[in-house]
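Numbering (the working numbering), first residue to last: 96 to 223.
This is the structure:
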């Protein structure tokens, strides 16, 4: 019991913020890879899609048309790696005229207050 208590106290939450459109740079893939690597090493991970990052979540993209690799295969593995805390910025969804059914993943719709609290309670926040 003491070891479990010590582990919980030492466990840090890492938050990764993906805010870049899905294609045109490697930043979205780097963010996903970093989050997956942290999860593999037993870290608690939050993954936030903010700004143009919400565009990564749109279903049925065809990146092959622009000679890019799809992010969907990586996004679909998040649950396997234990990344269950996925947040999607409400304002970004509204700005891009997106609904929950348009997205590949189920995530928690989050407003500014929720995201602010999430960032405050994280040991580190990585913005990509």
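Backbone N, C-alpha and C define an ideal beta-carbon position, used for all residues, glycine too.
These figures come from a predicted structure and were not determined experimentally.
- Approximately 6 Å separates the beta-carbon atoms of residue 197 and residue 154; this is inside 8 Å, confirming the contact.
- Counting other Cβ atoms within 10 Å of its Cβ, residue 175 stays below 16 and is therefore classed as exposed.
- Sequence-distant Cβ neighbours of residue 131 in its own chain, meaning closer than 8 Å and more than five residues away, are 169, 172, 173, 176 and 178.
- Counting only residues of its own chain and dropping the five nearest sequence neighbours on each side, residue 147 has a CB closer than 7 Å to the CB of 114, 115 and 116.
- Annotated as distal: residue 112 and residue 149, with beta-carbon spacing of 8 Å or more.
- When DSSP states are grouped into helix, strand and coil, residue 218 belongs to the coil group.
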